Amino acid sequence: RSIGDGVITTDVEGRIVLINRVAEVMTGWTHEEAAGKPLHDIFHIINEKTRQRSESPVENVIETGGVTNFHNHTVLVARDGTERIIADSGAPIFDSESKIIGVVLVFQDITEKRKTEEELLKTQKLESIGLLAGGIAHDFNNVLTAIIGNISLAKMYAKPGDKIFERLEETEKASLGAKDLTQQLLTFSKGGEPIKKTVAFLELISDSAGFALRGANVRCEFSMPDDLWPVEVDEGQMGQVINNLIINASQAMPEGGIIKVRAENMIIGPINVLPLKPGRYIKISIQDRGIGIQKEHLSRIFDPYFTTKQKGTGLGLTTVYSIIDKHDGHITAESELGVGTTFHIYLPASGKEITKSKDMETHILTGKGKILVMDDEEIVRDIVGEMLKHLGYEVAFAEDGAEAIEMYRNSPFDVVMMDLTIPGGMGGKEAIKKLLEIDPGARAIVSSGYSNDPVMANFEKYGFAGVVSKPYKIEELGKALYKVITGKDSWPLSNVNDIVIGK
Numbered sequence: 008r009s010i011g012d013g014v015i016t017t018d019v020e021g022r023i024v025l026i027n028r029v030a031e032v033m034t035g036w037t038h039e040e041a042a043g044k045p046l047h048d049i050f051h052i053i054n055e056k057t058r059q060r061s062e063s064p065v066e067n068v069i070e071t072g073g074v075t076n077f078h079n080h081t082v083l084v085a086r087d088g089t090e091r092i093i094a095d096s097g098a099p100i101f102d103s104e105s106k107i108i109g110v111v112l113v114f115q116d117i118t119e120k121r122k123t124e125e126e127l128l129k130t131q132k133l134e135s136i137g138l139l140a141g142g143i144a145h146d147f148n149n150v151l152t153a154i155i156g157n158i159s160l161a162k163m164y165a166k167p168g169d170k171i172f173e174r175l176e177e178t179e180k181a182s183l184g185a186k187d188l189t190q191q192l193l194t195f196s197k198g199g200e201p202i203k204k205t206v207a208f209l210e211l212i213s214d215s216a217g218f219a220l221r222g223a224n225v226r227c228e229f230s231m232p233d234d235l236w237p238v239e240v241d242e243g244q245m246g247q248v249i250n251n252l253i254i255n256a257s258q259a260m261p262e263g264g265i266i267k268v269r270a271e272n273m274i275i276g277p278i279n280v281l282p283l284k285p286g287r288y289i290k291i292s293i294q295d296r297g298i299g300i301q302k303e304h305l306s307r308i309f310d311p312y313f314t315t316k317q318k319g320t321g322l323g324l325t326t327v328y329s330i331i332d333k334h335d336g337h338i339t340a341e342s343e344l345g346v347g348t349t350f351h352i353y354l355p356a357s358g359k360e361i362t363k364s365k366d367m368e369t370h371i372l373t374g375k376g377k378i379l380v381m382d383d384e385e386i387v388r389d390i391v392g393e394m395l396k397h398l399g400y401e402v403a404f405a406e407d408g409a410e411a412i413e414m415y416r417n418s419p420f421d422v423v424m425m426d427l428t429i430p431g432g433m434g435g436k437e438a439i440k441k442l443l444e445i446d447p448g449a450r451a452i453v454s455s456g457y458s459n460d461p462v463m464a465n466f467e468k469y470g471f472a473g474v475v476s477k478p479y480k481i482e483e484l485g486k487a488l489y490k491v492i493t494g495k496d497s498w499p500l501s502n503v504n505d506i507v508i509g510k
């Protein structure tokens, strides 16, 4: 009775002689109740796939006269209807004259083991999909670099108000929308640390919510103070957080409704119930009036693969939780059936000045110097070369790290722009090491369609002086070069081509 497996013995007619404690628990029958009854009344097994009742194991054992292992897809249905996946086997019981007088069945509950195996398989599949998604996003970002770069150059030759300029503006918006989609693919794929910069969260929330609700019969109501503290975040990743939560809220209200988005500044003291360090935070609350979440499900909504949606992957809120955690923040949820759900996000406030200036986005920073562009894609080299010439720089090109190092050795450049990934060749991560061996004072900018790569997030740690994520516009390229060459984060107007793009 101390054995960890279920054990049932029968006579040759299939009537139960003995049932141990484990078998009692798994079948729902006590030894006293089961003794003398036909096995099929107590040991109710079905095929997991067909749901048909399985044949009697006693007959199989007696027919073969030896140990028999049964089907891999056997489910034991207990007296109360509980189902357990089991691994089972049977063996004959012999008397002193080697005559079969009964059968012993041994079985164990492998339900959790099966779940673990399935989760592992699912994880492996998701990793494969993630790698594929990352590769697609990288290749697509190279194409978008050429598209967005050409658009930003074309706008230079058009005038605001002209139909051509308006069409270019709309095309640029659509292309940047595609950039958002590739960012979601990259976040889903095996990404690294967030690439943070100080931003005003007000605009990020409203833009992301608007993107998520396009075509929906739901609208957002915002309640956010003008003096909301800035935060240091990865805009792409945080945009995905807002997207996911807004989409969830929208789906919870299929008949339409209002999603309330509230933001506020808050101080968290040394004594608090949240797993956060004391300090300044902003709190974002996203509330719907939808169907709500069952109490027993609420504690599991951030678990991988947990979903109550028929076609859900169970990854949306897990991704949200992971991103918030990487930003040293926290997320909680409260819900009531028939009333709705509210998610609360806490993010550390930043003491830095906001990095992005809308006013400067429409201006171009020009400069002088020799730039070496290392990229294996011809379409990228072509458009980056055109943008650099327009910015006032001299340009040379290399297709991989080995060629770039050789060119720099022969004639140093003011800045080297390096693509992080070169299929079949030396990429930026390896090339920067060799470059700094030749010239410890060399300045390089890392560029990649894999914007979530750890090198992109911590570029200085790897020896790079700057970073620019594909796809990028001429304004972003100009600012990245100016910062690397001058070492300044701000710029005097004399260095700004203060003719707004399009004039």
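Residue numbers in the sequence shown follow our numbering, run continuously in steps of one, and reach 510 at the last position.
Glycine included, C-beta positions come from ideal geometry on N, C-alpha and C.
Note that this is a predicted model, so its numbers are computed, not measured.
Item	Value
N255 classed as buried or exposed, judged by whether at least 16 other C-beta atoms fall within 10 angstroms	buried
M425 - DSSP class collapsed to helix/strand/coil	strand
Reduced DSSP category for L484 - H, G, I as helix; E, B as strand; rest coil	helix
Residue from A185, G246, I492 with nearest C-alpha to N148	A185
N-terminal and C-terminal residue of the alpha helix (DSSP H) that Y328 is part of	323 to 333
9 angstroms Cβ cutoff met for K56 and H80	yes
Enclosing alpha helix (DSSP H) for K302 [first to last residue]	302 to 305
Inter-residue spacing [alpha-carbon to alpha-carbon] between E176 and A144	23 angstroms
Classification of E384 by the beta-carbon crowding that lies within 10 angstroms, buried from 16 upward	buried
Buried/exposed call for N251, threshold 16 Cβ in 10 Å	buried
Limits of the unbroken beta strand (DSSP E) element including S105	Premise fails: S105 is in no beta strand (DSSP E) and is neither H nor E.
Local conformation of K186 per DSSP, three classes	helix
Reduced DSSP secondary structure (H/G/I, E/B, other) of V238	strand
Where N224 sits in the DSSP three-state scheme	coil
Supposed contact pair V14 and G109 - C-beta distance, whole angstroms, cut 8 angstroms	Their Cβ separation, rounded to whole angstroms, is 12 angstroms, which puts G109 and V14 out of contact at 8 angstroms.
Unbroken alpha helix (DSSP H) run spanning M273, endpoints	M273 -> not in any alpha helix (DSSP H); beta strand (DSSP E) instead, spanning 264 to 275.
For R450, the nearest candidate out of M231, F420, L151 (CA to CA)	F420
First and last residue of the uninterrupted beta strand (DSSP E) at Y353	347 to 355
Among C227, D426, P461, V84, nearest to Q294 - alpha-carbon criterion	C227
Backbone secondary structure at D366 - three-state DSSP	With a pLDDT of 43 at D366, under the threshold of 50, the modelled position of that residue is not reliable, and the figure given next carries that caveat. In the structure shown, D366 sits in a helix (DSSP, three-state: H, G or I).
Backbone CA spacing between E401 and M463 [nearest angstrom]	25 angstroms
DSSP state of I278 mapped onto helix, strand, coil	coil
Contact the segment 89 to 96 vs the segment 114 to 127: 3+ CB pairs below 8 angstroms	yes
Where the beta strand (DSSP E) through M381 begins and ends	377 to 381
Pick from I338, Y415, R388, G347 that is closest to E406, judged by C-alpha positions	R388
Buried or exposed by the 16-neighbour rule on C-beta atoms within 10 Å, applied to F229	exposed
Alpha carbon of A161 to alpha carbon of I429, nearest angstrom	29 angstroms
Segment contact, 8 angstroms Cβ cut-off, at least three pairs: the segment 349 to 363 with the segment 149 to 160	no
Close-in-space but distant-in-sequence residues of the same chain around A98 (CB under 6 angstroms, 5 per side omitted)	V74, V111
Under the three-state DSSP convention, the category L297 falls into	For the record, residue 297 in the displayed sequence is Gly; it is not Leu. Coil.
CB contact flag (I338, I352, <9 angstroms)	yes
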